[in-house]
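>
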Amino acid sequence: MKNEQVKYRFFTIFQYKQEEEFLRQQHNNGWRFTKLNALICYRFEKCEPQDVVYQLDYNPDGIAHKAEYVQMFRDCGWEYLQDYVGYSYFRKPTSEMNGDEEIFSDDSSRDDLMKQVINRRVRFLPLIAIFLCIIIPQIFFQSQFGGLYGKIFTGVFMALGILYLIIFLLSIFRDENNH
-12 MKNEQVKYRF
-2 FTIFQYKQEE
8 EFLRQQHNNG
18 WRFTKLNALI
28 CYRFEKCEPQ
38 DVVYQLDYNP
48 DGIAHKAEYV
58 QMFRDCGWEY
68 LQDYVGYSYF
78 RKPTSEMNGD
88 EEIFSDDSSR
98 DDLMKQVINR
108 RVRFLPLIAI
118 FLCIIIPQIF
128 FQSQFGGLYG
138 KIFTGVFMAL
148 GILYLIIFLL
158 SIFRDENNH
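Reading the sequence shown from the start, the letters are residues -12 to 166 in the working numbering.
Spelled out as structure tokens, the structure:
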């Protein structure tokens, strides 16, 4: 029997509760979360089934004071797992919890989390609009023309579209790593 498995799932920033529940269900089924990479690739290792709560915290500024940040959660009994694009992943067995213990002490701090996430992402909306309103239609428009010029312009706009996506993705990840 395999001791490791990979599951592919996609969660938006607003679905953090569903992501936490997904990780908890996997642990209940005997698969402990070990790593997330490539946005949707969750890695697990075989373990004894146990009810373990997973929590995510969005704190890109925590990287600057990582030791203190992680220690604060350890002092409360949370196991630090990893950071991924601004999110920190923690877990804690329910047997060690006091009731409905959460990382967030109140709704206000959870709202602050969501505002932080949205404010960091909203500045990329103009870049997305340019891509969807200019590059994509031009690829479609140019592909409608036959002949050599139509093929050349289609290729040029496809190359620009790919270049634009690469620059866009690099700027997002660079922004996350700088905070």
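We put the beta carbon where it would ideally sit given N, CA and C, even for glycine.
Reducing DSSP to helix, strand and coil, say where Gln(-8) ends up.
Position 5 of the sequence shown, counted from the start, is the residue given in the question as residue -8. Strand at Gln(-8).
> Quick one: Cα of Tyr45 to Cα of Gly64, how far?
Translated into the one-based positions of the sequence shown, residue 45 becomes position 58. Translated into the one-based positions of the sequence shown, residue 64 becomes position 77. The alpha-carbon atoms of Tyr45 and Gly64 are separated by roughly 18 angstroms.
> Determine the contact status of Glu32 and Glu66, defining contact as a CB-CB distance below 8 angstroms.
In the sequence shown, counting from the first residue as 1, residue 32 sits at position 45. In the sequence shown, counting from the first residue as 1, residue 66 sits at position 79. Not in contact: Glu32 and Glu66 (Cβ atoms no closer than 8 angstroms).
> Grouping DSSP H, G and I as helix and E and B as strand, with all else coil, what is Asn16?
Residue numbering aside, residue 16 sits at position 29 when the sequence shown is read from its first letter. Asn16 falls in the coil class under three-state DSSP.
> With Tyr41 and Arg(-4) assumed to form a contact (beta carbons below 8 angstroms), what rounded beta-carbon distance in angstroms separates them?
Stepping through the sequence shown from its first residue, residue 41 is reached at position 54. Stepping through the sequence shown from its first residue, residue -4 is reached at position 9. Actually they do not touch by this definition, with Cβ atoms about 13 angstroms apart.
> Could you check what DSSP says for Ser92 in three-state terms: helix, strand or coil?
Within the sequence shown, numbered from 1, the residue matching residue 92 stands at position 105. Its pLDDT being 48, under 50, Ser92 is placed unreliably in this model, and the coordinates cannot settle the point.
> What residue ranges within the segment 4 to 73 form continuous alpha helix (DSSP H) runs of no fewer than 4 residues, ordered along the chain?
Qualifying alpha helix (DSSP H) stretches, in chain order: 53 to 62.
> Would you mind giving the Cβ-Cβ distance between Ile122 and Phe144, rounded to the nearest angstrom? I have them listed as a contact below 8 angstroms.
Translated into positions along the sequence shown, residue 122 becomes position 135. Translated into positions along the sequence shown, residue 144 becomes position 157. 6 angstroms between Cβ atoms; contact.
> Tell me the residue span of the alpha helix (DSSP H) that contains Ser130.
For the purposes of this step, residue 130 is taken as the residue at position 143 of the sequence shown. Run containing Ser130: 123 to 130, per the alpha helix (DSSP H) assignment.
> Please confirm whether Pro36 has its beta-carbon closer than 8 angstroms to some beta-carbon of chain D.
The displayed structure is made up of one protein chain only, and chain D is not part of it.
> Can you tell which of Thr21, Leu43, Asn15, Val(-7) has its C-alpha closest to the C-alpha of Lys4?
Position 17 of the sequence shown holds residue 4. Looking at the Cα atoms, Leu43 is the closest of the given residues.
> Can you tell me whether DSSP reads Phe(-3) as helix, strand or coil?
Walking along the sequence shown from the start, residue -3 turns up at place 10. It is coil, neither helix nor strand.
> Lys22: which of Gln125, Gln69, Leu152 sits nearest, CA to CA?
Position 35 of the sequence shown, counted from the start, is the residue given in the question as residue 22. When each option's Cα is compared against that of Lys22, the closest is Gln69.
> Could you check the C-alpha separation between Phe132 and Ala25 for me, to the nearest Å?
What you label residue 132 is simply residue 145 of the sequence shown in a count that begins at 1. What you label residue 25 is simply residue 38 of the sequence shown in a count that begins at 1. Whole-angstrom Cα-Cα distance: 37 angstroms.
> Give me the residue from Gly137, Leu119, Ala51 with the minimum Cα distance to Gly148.
Residue numbering aside, residue 148 sits at position 161 when the sequence shown is read from its first letter. Residue Leu119 is the option with its Cα nearest to Gly148.
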